[in-house]
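Chemist:
Chains as they are written, first to last, in the working numbering: chain A, 16 to 588; chain B, 3 to 165.
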């Protein structure tokens with residue numbers, strides 16, 4: 016069969032179809048009109064029209080986080096691309112596989128300061144895994160193939176393809192490559208067997224072992240093998256903010272999240288362990304805090320990661336294992352089989368006792384006299400009402416930490432938040448991406464009255480596509496985390512952190528065609544949540560405005576630059 | 003410590019900015035950076051002179067390898083290597099200086115490529131430190147203009163950077 020001769024715009028669309036794309040999140044504009052015209056004439060994938068390009072990228076990002084597939088966004092040149100940058104940088108920091116197609120002014124106009132022109136490839140270079148400017152219609156198909164390949168392999172990340180408008184009208188044969196080979200890009204997937212042997216020996220001879228897993232274990236779909244290994248060796252484990260759900264939170268081996276707002280037991284065990292197994296985690300500042308302090312207690316560190324550059328970046332690693340985390344964990348399990356009979360699990364009994372004593376401090380307790388609504392309680396009730404099985408997205412700040420602390424996740428890819436870049440405004444578009452991917456599942460966006468206003472326009476998108484998201488706003492009238500730092504470290508000088516002139520969220524939700532609820536009474540928390548998640552409102556978006564305690568702080572807390580064992584606990588206040 | 007890092011990368015537009023952007027974004031030093039196509043025109047070879055602790059150099063090598071367009075990276079300081087830099091210097095060569103400039107240039111193996119009425123233009127190649135020594139040997143006020151390529155490097159014997 017002779018290949019068809021079609022336009023660059025059609026090739027772009029056909030290439031996305033070849034990649035089995037289900038949703039394209041986007042916003043039209045001059046430079047992408049031809050591509051949109053081609054979208055209009057197809058029905059293989061669905062285009063989701065957002066209200067701001069930032070939200071298109073966030074929604075595609077969440078679609079990927081929830082499903083493991085590559086998220087796709089489409090934006091126009093100039094402001095379309097610059098609006099997308101926050102979304103791209105957010106995905107990049109959390110290693111989310113995405114392909115972003117951006118329109119560009121015609122090739123002859125590039126560099127002339129044309130209308131809606133910007134150097135998209137230049138602007139996005141530091142916040143993508145890779146990017147391309149396609150200057151030849153013959154290269155569109157192979158470039159999109161490469162983009163999907165690069166985005167989804169190795170350490171995943173966003174890849175941007177910038178396509179000038181004239182290229183989308185030119186025609187050529189359409190041939191979508193089946194496979195792609197790149198001499199410059201061959202990520203290692205199989206872990207080194209010698210290193211794996213050393214790692215397992217070290218783990219079973221440890222007196223104070225500890226496992227710490229991160230976003231890599233979730234993104235690498237390694238939750239099952241991680242759980243098997245941890246249960247088989249009977250080790251204590253903590254998850255990073257990005258790693259939550261990578262190991263079931265309800266399991267007895269789980270010590271809770273670690274880091275700046277991690278549990279007392281997780282942080283103390285990280286500090287005092289003698290052998291640490293790090294799985295798809297990168298020892299970042301919010302997790303281990305001060306690296307010198309972290310290494311004050313001598314420990315041997317085994318680090319499994321797909322990205323060689325993550326190894327020994329902040330902390331010197333004794334046994335690096337570069338490879339796909341799932342494959343490496345499976346190899347570790349195999350290596351353990353031969354050693355199981357020699358493994359004396361009693362060796363770690365005193366250590367487990369010590370961990371238990373740390374857990375007994377009950378660091379997550381908070382004062383609650385039943386008068387004012389405590390934000391933590393709202394999250395706990397949300398967990399109850401959704402039976403712990405909802406997709407939870409969050410924005411960034413105190414509510415994000417409370418969601419992470421008080422909504423235990425037993426499954427991976429259920430907790431969707433911006434850990435690396437810490438982007439306020441992601442919550443609602445993240446919920447859109449999740450709800451489109453899983454129309455039958457419960458999706459809740461835990462947010463604050465400040466964060467939600469950063470992408471509030473997407474309530475309109477939710478109406479257009481009938482997305483029955485439940486928005487849980489923990490409204491404390493402050494940018495809570497900013498206020499908390501100002502209270503602790505700036506002598507209670509609350510500079511510009513009070514969120515004044517708030518809209519009436521109930522009316523706002525209603526004006527977008529949704530249901531609004533304002534919950535001011537402590538006794539109404541549970542009933543309101545039950546109603547929002549009831550079959551009656553199954554098809555409706557419900558915006559819940561919980562008026563919470565404005566003085567509540569997130570505990571435990573490690574002040575910036577301090578060590579893991581130097582936490583401030585709620586009782587210290 | 004000073005390191006000379008050689009790399010091969012796809013000869014695509016924007017390749018140079020990916021490398022220079024990496025160095026500025028992560029706060030690494032660049033003493034010099036040199037890039038040109040190789041005998042295989044699809045590949046560019048870049049030589050970067052940088053400095054940092056062993057940990058920093060290790061990160062630089064890893065981050066360079068992580069760039070999708072980079073095919074191969076070699077830290078020349080890991081083994082025996084040859085380093086050369088080209089410099090062109092314009093110096094005052096009025097009558098009282100002419101003999102001295104020529105004598106110093108001969109000592110360093112420099113070649114006078116232009117003799118103008120009051121100036122000499124001299125071409126000199128050698129390791130960076132040797133070029134520095136040459137400049138130090140000249141009367142400071144006699145140096146009018148210098149232009150240098152930055153160091154190039156190649157492994158000795160069978161140390162080869164090729165795909």
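Glycine included, each C-beta is placed from N, C-alpha and C at the ideal position.
Please say whether residue 525 of chain A and residue 488 of chain A have beta carbons closer to each other than 7 Å?
Modeler: It is not a contact, given that the beta carbons lie outside the stated cut-off.
Chemist: I want to see whether chain A comes within less than 7 Å of residue 164 of chain B, judged by CB atoms only; does it?
Modeler: False, the Cβ-Cβ gap to chain A never drops below 7 Å.
Chemist: Do residue 75 of chain B and residue 67 of chain B have their C-beta atoms within less than 7 Å of each other?
Modeler: Taking 7 Å as the Cβ cut-off, residue 75 of chain B and residue 67 of chain B qualify as a contacting pair.
Chemist: Can you check DSSP and say which residues form a bridge with residue 318 of chain A?
Modeler: Note: residue 318 of chain A sits in a beta bridge opposite A/293 and A/335.
Chemist: Does residue 453 of chain A come out as helix, strand or coil in the three-state DSSP assignment?
Modeler: Of the three classes helix, strand and coil, the one that applies to residue 453 of chain A here is coil, per DSSP.
Chemist: Can you tell me where the beta strand (DSSP E) with residue 272 of chain A in it begins and where it stops?
Modeler: Its beta strand (DSSP E) spans residues 269 to 272.
Chemist: Heavy atom of the ligand FAD less than 6 Å from the Cβ of residue 261 of chain A, yes or no?
Modeler: This structure does not include the ligand FAD; it has no bound ligands of any sort.
Chemist: List, in order along the chain, the chain B residues whose C-beta lies closer than 9 Å to that of residue 51 of chain A?
Modeler: Correct list: empty, because the minimum Cβ distance to chain B is about 27 Å.
Chemist: On the DSSP bridge list, what partners appear for residue 398 of chain A?
Modeler: Bridge partners of residue 398 of chain A: none, in fact.
Chemist: For a contact defined as C-beta to C-beta under 8 Å, what are the partners of residue 180 of chain A on chain B?
Modeler: Result: empty, since nearest Cβ-Cβ is about 19 Å, beyond 8 Å.
Chemist: What residue range does the alpha helix (DSSP H) around residue 131 of chain A cover?
Modeler: First-last for residue 131 of chain A: undefined, no H or E at that position.
Chemist: Is there contact between the segment 145 to 152 of chain B and the segment 84 to 102 of chain B, where contact requires at least three CB pairs shorter than 8 Å?
Modeler: Yes, they touch.
Chemist: Contact check, residue 119 of chain A vs residue 125 of chain A under 8 Å by CB: the rounded distance?
Modeler: Yes, they are in contact, since the Cβ atoms of residue 119 of chain A and residue 125 of chain A sit about 7 Å apart, within 8 Å.
Chemist: So, for residue 235 of chain A: in the same chain, excluding its five sequence neighbours on each side, which residues have a beta-carbon less than 8 Å away from its beta-carbon?
Modeler: Once the five neighbours on either side are set aside, the close Cβ partners of residue 235 of chain A are 295, 321, 339, 340 and 341.
Chemist: Between residue 567 of chain A and the rest of its own chain, which residues show a CB-CB distance below 8 Å, the 5 nearest in sequence each way excluded?
Modeler: Excluding positions up to five away in sequence, the list reads 381, 389, 390, 391, 413, 491 and 495.
Chemist: Of all Cβ atoms in chain B, is any one closer than 7 Å to the Cβ of residue 117 of chain A?
Modeler: No, no contact with chain B.
Chemist: Starting from the C-beta of residue 86 of chain A, find all residues in its chain whose C-beta is less than 6 Å away, skip the five residues before and the five after it, and write them out in chain order.
Modeler: Contacts found: 75, 76, 78, 79 and 113.
Chemist: So what does DSSP say about residue 73 of chain B, is it helix, strand or coil?
Modeler: Looking at residue 73 of chain B - three-state DSSP - the assignment turns out to be strand.
Chemist: Report the CB separation of residue 514 of chain A from residue 493 of chain A in whole angstroms; it is logged as a contact under 8 Å.
Modeler: At roughly 6 Å, the Cβ-Cβ gap stays under 8 Å, so residue 514 of chain A and residue 493 of chain A are in contact.
Chemist: Whose Cβ in chain A lies nearer than 8 Å to the Cβ of residue 19 of chain B?
Modeler: What residue 19 of chain B touches in chain A: 137 and 140.
Chemist: Could you check the C-alpha separation between residue 454 of chain A and residue 441 of chain A for me, to the nearest Å?
Modeler: C-alpha separation (whole angstroms): 19 Å.
Chemist: Whose CA, out of A/450, A/230, A/193 and A/460, lies closest to the CA of residue 554 of chain A?
Modeler: When each option's Cα is compared against that of residue 554 of chain A, the closest is A/450.
Chemist: Near residue 383 of chain A, which residues of its chain fall below 7 Å by C-beta distance, leaving aside the five closest residues on each side in sequence?
Modeler: Once the five neighbours on either side are set aside, the close Cβ partners of residue 383 of chain A are 389 and 392.
Chemist: Where are the alpha helix (DSSP H) runs, 4 residues long or more, that stay fully inside the segment 168 to 192 of chain A, in chain order?
Modeler: If we require 4 residues or more, the alpha helix (DSSP H) runs fully inside the segment 168 to 192 of chain A come out as 180 to 184.
Chemist: Closer than 8 Å is the cut-off here; do at least three beta carbon pairs connect the segment 189 to 199 of chain A with the segment 139 to 157 of chain A?
Modeler: Counting Cβ pairs under 8 Å, three or more are found: they touch.
Chemist: Cβ of residue 123 of chain A less than 7 Å from any chain B Cβ?
Modeler: So no, residue 123 of chain A is outside the interface.
Chemist: Below 8 Å on C-beta distance, what does residue 70 of chain B contact in chain A?
Modeler: Simply 144, 145, 165, 197, 199 and 200.
Chemist: I need the straight-line Cα distance from residue 93 of chain A to residue 44 of chain A, nearest angstrom please.
Modeler: The straight-line gap from Cα to Cα measures roughly 10 Å.
Chemist: For residue 29 of chain A, count the other beta carbons within 10 Å of its own beta carbon; 16 or more makes it buried, fewer makes it exposed. Which is it?
Modeler: Residue 29 of chain A is buried by the Cβ-count criterion.
Chemist: Can you give me the C-alpha to C-alpha distance between residue 104 of chain B and residue 143 of chain B, rounded to a whole angstrom?
Modeler: Approximately 16 Å between the Cα atoms of the pair.
Chemist: Taking the continuous beta strand (DSSP E) assigned at residue 477 of chain A, which residues delimit it?
Modeler: Note, residue 477 of chain A: premise wrong, no beta strand (DSSP E); alpha helix (DSSP H) at 474 to 479.
Chemist: With a threshold of 7 Å on Cβ separation, who are the neighbours of residue 20 of chain B within its own chain once the five nearest residues in sequence on each side are excluded?
Modeler: The answer, listed in chain order, is 69 and 71.
Chemist: Is DSSP giving residue 57 of chain A helix, strand or coil here?
Modeler: Residue 57 of chain A: coil per DSSP, three-state reduction.
Chemist: Taking all protein chains shown into account, decide if residue 112 of chain B is buried (16 or more other Cβ within 10 angstroms of its Cβ) or exposed.
Modeler: By the 10 Å Cβ count, residue 112 of chain B comes out buried.
Chemist: Alpha carbons only, please: which of A/150, A/134, A/163 and A/130 is nearest the one belonging to residue 144 of chain A?
Modeler: That would be A/163, whose Cα lies nearest to the Cα of residue 144 of chain A.
Chemist: Would you say residue 324 of chain A reaches chain B, if we count a Cβ-Cβ gap shorter than 7 Å as a contact?
Modeler: Chain B contact via Cβ: present.
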